[in-house]
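S.K.:
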Amino acid sequence: MSNESLANLLKEERRFAPPADLAANANVTAEAYEQAKADRLGFWAEQARRLTWATEPTEILDWSNPPFAKWFADGKLNVAYNCVDRHVEAGNGDRVAIHFEGEPGDSRAITYAELKDEVSRAANALTELGVQAGDRVAVYLPMIPEAVISMLACARIGAAHSVVFGGFSADAIATRIQDADAKVVITADGGYRRGKPSALKPAVDDALTRVDGVAKVLVVKRTEQDVAWTEGRDLWWHEVVGRQSAEHAPQAFDAEQPLFILYTSGTTGKPKGILHTSGGYLTQASYTHHAVFDLKPETDVYWCTADIGWVTGHSYITYGPLSNGATQVIYEGTPDTPHQGRFWEIVQKYGVSILYTAPTAIRTFMKWGDDIPAKFDLSSLRVLGSVGEPINPEAWVWYRKNIGADTCPVVDTWWQTETGAIMISPLPGVTETKPGSAQRALPGISATVVDDEANEVPNGGGGYLVLTEPWPSMLRTIWGDDQRFIDTYWSRFEGKYFAGDGAKKDEDGDIWLLGRVDDVMLVSGHNISTTEVESALVSHPAVAEAAVVGAADETTGQAIVAFVILRGSANAEDESLVSDLRNHVGATLGPIAKPKRILPVAELPKTRSGKIMRRLLRDVAENRAVGDVTTLADSSVMDLIQAELPAASSED
Ligand code: ATP
Ligand code: MG
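Residue numbers (the numbering used here): 251 to 902.
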């Protein structure tokens, strides 16, 4: 079935060549693949020269103690200097670094010169509060400029930040503060979401009743909500940071100085504290942002809609774009506040030319209707990116057509918290793109697909995605747990990094991500990917979103159970719809892939970063108590789904 379905997806007309003008002026051309292939380490050494080093590295990679890598180990640099000061020194101090758009409609433009002053003040403030190089600082903020400023202030003084997503509970904050042993917490009274102020500080106050070691809490005033105050511990940002000098001499740190700890989204289980360091991480964040988005810092306006609380926000809001001197938009709120065209209004207002968002958002926009983006002038856009989950071909094509005027290249970027930066993606001026495929490892990156015995599969075959060579922005370990680092990523296949994702190669050798290995279904002896069945369902006009799981089944081993969100016009009570959908999947992928049960639901369980949590749906499909829901965006969704379910019924 797999090859048939791929053949379906790969029809000739579903390939898109790069626009000629983009290709002619692209930052990176096809030559980069050749160059990196001939000398991978030399290639990365050259990319490291994108940065300004206090001491140039002479060593490239130290892989003498795998899987513990050191990149550019004898080099020294200051990450914040690279993201801010050097642009001012180059004469670009008046360039806008951040166009901040608050949810209520307030806005603020921050130039690189202003950013330098703010970061310097915040660095002086942290130093005054006793933070030293090597310490950890927890950051729990809304999407406001102070989030970026806090991260850079930590980097500037050699402290590692641990950003905790602003939607997480006191519990999640407490465990992350404890695990990282953070000394200071930076938070806010609240932020604006869905049209109203949403408090943040109470969760920090609550978390701090459970953990020791936090001496100071720095509080940004954003919403003017009332806050409880612990004298001696709590301090207002505007007072403490506000009275600091804007002069701060950045000190150079080792390339392997810890830059941040970030906990994974927890889509598949308990989050892991992923440790990233400085020189290698910044090299790859900077290079990939330059290559994959074709950023022209003088003219582009870039917007990544991710939250700063997950890795996309770290690498493609803070470190990649700012190291490249980009002008970018940061938006505080939700896409439907005060109306469902808010994103497109922002693109129009700032003339956004590069947009980076997630499949979950794209499917939501599809559900809301084509007429909404059509009301806005989106002609400034020239490159569109996607990250977070496999993007269904249907959503990819919709994105290109309705947002990208059928001309913008769509770059589907595969990577993880662990990889630190993009690993597999088309290059917008080079690649002939295929909807639904991340396609090819970037220059300098070695990725492939292997079978159970670690043998590389031939073109047309499927298996496990692995990374076969170390890369500069790779995680260095799981914070405080080297053994778990080895066990989780380096033990499944000898000498290879196991990503945990299923994938296949098509006849051209292009890579298609098929979802988590844990999610692959085994039906009557056939491996079937959840992603493919979901994409088949989403390609039916009645379906807006789908989540598919394999549930234990006496006769077939596993049976396919699909949860679907219908589009506005479709009727969930319509008996024939379910059989229509089953037949549609059968016609697209083959009879074996027909779901045994299809359950229309109003919502799907998603993490805070918008990923579907299939393990919870598997619990429902197998009539079990649902597992850990702490990283779920909205915990009431599971109750809703269970209440909606008909008594376990099945079709033949
Ligand atoms: P946890 O590891 O705790 O379960 P998580 O894997 O969801 O959480 P992230 O690091 O945010 O945490 O997500 C990385 C994962 O997201 C990848 O392993 C992959 O499954 C998925 N992913 C990201 N981008 C893409 C993409 N372009 N195509 C397919 N899958 C993607
Ligand atoms: Mg993961």
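Cβ coordinates follow ideal geometry from the N, Cα and C atoms, glycine included.
Remember, predicted model here, so these are calculated numbers, not experimental data.
Measuring CA to CA, which of Gly463, Thr279 and Pro317 is closest to Asp271?
M.R.: Thr279
S.K.: Assign Ala388 to one of two classes, buried (16 or more other C-beta atoms within 10 Å of its C-beta) or exposed (fewer than that).
M.R.: Buried, by the Cβ-count rule.
S.K.: Where Ile399 and His526 are concerned, what is the direct C-alpha to C-alpha distance, given to the nearest angstrom?
M.R.: 18 Å
S.K.: I believe Asp544 touches Ala276 by the beta-carbon criterion, under 8 Å. Please report the beta-carbon distance rounded to the nearest angstrom.
M.R.: 6 Å
S.K.: Exposed or buried, what is Arg265 when buried is set at 16 or more other beta-carbons lying within 10 Å of its beta-carbon?
M.R.: exposed
S.K.: Using a threshold of 8 Å, is the CB atom of Glu668 nearer than that to any non-hydrogen atom of ligand 2?
M.R.: yes
S.K.: Write down the C-beta distance between Thr727 and Phe318 rounded to the nearest angstrom, noting that I regard them as a contact closer than 8 Å.
M.R.: 7 Å
S.K.: Given that a residue counts as buried once 16 or more other Cβ atoms are within 10 Å of its Cβ, and exposed if not, what is Glu351?
M.R.: buried
S.K.: For Lys466, collect the residues of the same chain with a Cβ closer than 7 Å to its Cβ; drop the 5 residues on either side in sequence, then sort them by chain order.
M.R.: Leu379, Val434, Arg483 and Leu485
S.K.: Hey, out of Arg358, Pro392, Glu353 and Asn328, whose CA is closest to Ser370's CA?
M.R.: The option with the nearest alpha carbon to Ser370 is Asn328.
S.K.: Does His776 come out as helix, strand or coil in the three-state DSSP assignment?
M.R.: Look at His776 here: in three-state DSSP terms it is strand.
S.K.: Does DSSP put Asp878 in a helix, a strand or coil?
M.R.: DSSP places Asp878 in coil when its eight states are reduced to three.
S.K.: Helix, strand or coil for Thr857, going by three-state DSSP, please let me know.
M.R.: strand
S.K.: Can Lys522 be considered in contact with ligand 1, in the sense that its beta carbon sits closer than 8 Å to one or more heavy atoms?
M.R.: yes
S.K.: So Arg864 is in the alpha helix (DSSP H); what residue range does that whole segment cover?
M.R.: Arg864 to Ala871
S.K.: Rounded to whole angstroms, what's the CA-CA distance from Gly519 to Thr857? Just pull it up for me.
M.R.: About 11 Å.
S.K.: Pick out whichever of Thr361, Arg868 and Gly765 has its Cα sitting closest to the Cα of Val334.
M.R.: Thr361
S.K.: Just to confirm before moving on: does the CB-CB distance between Gly759 and Trp721 stay below 9 Å?
M.R.: Their beta carbons are not under 9 Å apart, which means Gly759 does not touch Trp721 by this criterion.
S.K.: Please determine whether the Cβ atom of Thr514 lies at a distance below 8 Å from any heavy atom of ligand 2.
M.R.: yes
S.K.: Given a threshold of 16 other Cβ atoms within 10 Å of its Cβ, counted over all protein chains shown, does Pro268 qualify as buried or as exposed?
M.R.: buried
S.K.: Helix, strand or coil for Ile695? Go by DSSP, reduced to three states.
M.R.: In the structure shown, the three-state DSSP call for Ile695 is coil.
S.K.: Using DSSP bridges, identify the partner residues of Thr727.
M.R.: By DSSP's assignment, Thr727 forms a beta bridge with Leu525.
S.K.: Closest to Glu644 by C-alpha separation, out of Thr377, Glu719 and Ala796, would be which residue?
M.R.: Ala796
S.K.: Would you call the region 699-715 and the region 572-590 in contact, with 3 or more CB pairs under 8 Å?
M.R.: no
S.K.: What are the uninterrupted segments assigned as alpha helix (DSSP H) that are 4 or more residues long and contained completely in the region 284-334, given in chain order?
M.R.: 290-298
S.K.: Would you check if the region 742-752 and the region 647-663 touch, i.e. whether three or more CB-CB distances between them fall below 8 Å?
M.R.: no
S.K.: Specify, as a first and last residue, the run of the beta strand (DSSP E) that Trp487 falls within.
M.R.: Trp487 -> not in any beta strand (DSSP E); alpha helix (DSSP H) instead, spanning Trp487 to Val490.
S.K.: Hey, Ala822 and Arg847: beta-carbon distance below 9 Å or not?
M.R.: no
S.K.: Roughly how many angstroms lie between the CA atoms of Thr805 and Gly775, to the nearest whole one?
M.R.: 11 Å
S.K.: For ligand 2, any of its heavy atoms closer than 8 Å to the Cβ of Gly752?
M.R.: no
S.K.: I'd like the ranges of any alpha helix (DSSP H) spanning at least 4 consecutive residues and lying wholly in the region 440-467.
M.R.: Uninterrupted alpha helix (DSSP H) stretches at least 4 residues long and entirely within the region 440-467 occur at 451-458, given in chain order.
S.K.: Alpha carbon to alpha carbon, how far is Arg592 from Pro447?
M.R.: 18 Å
S.K.: If you measure between the beta carbons of Ala749 and Val707, is that distance less than 9 Å?
M.R.: no
S.K.: Kindly indicate which three-state DSSP category Val369 falls into: helix, strand or coil?
M.R.: Helix, per DSSP.
S.K.: With a threshold of 8 Å (Cβ to nearest heavy atom), would Thr857 be considered close to ligand 1?
M.R.: The nearest non-hydrogen atom of ligand 1 is less than 8 Å from the C-beta of Thr857.
S.K.: So, using beta-carbon positions, are Ala697 and Thr681 closer together than 9 Å?
M.R.: Using a Cβ distance threshold of 9 Å, Ala697 and Thr681 do not count as a contacting pair.
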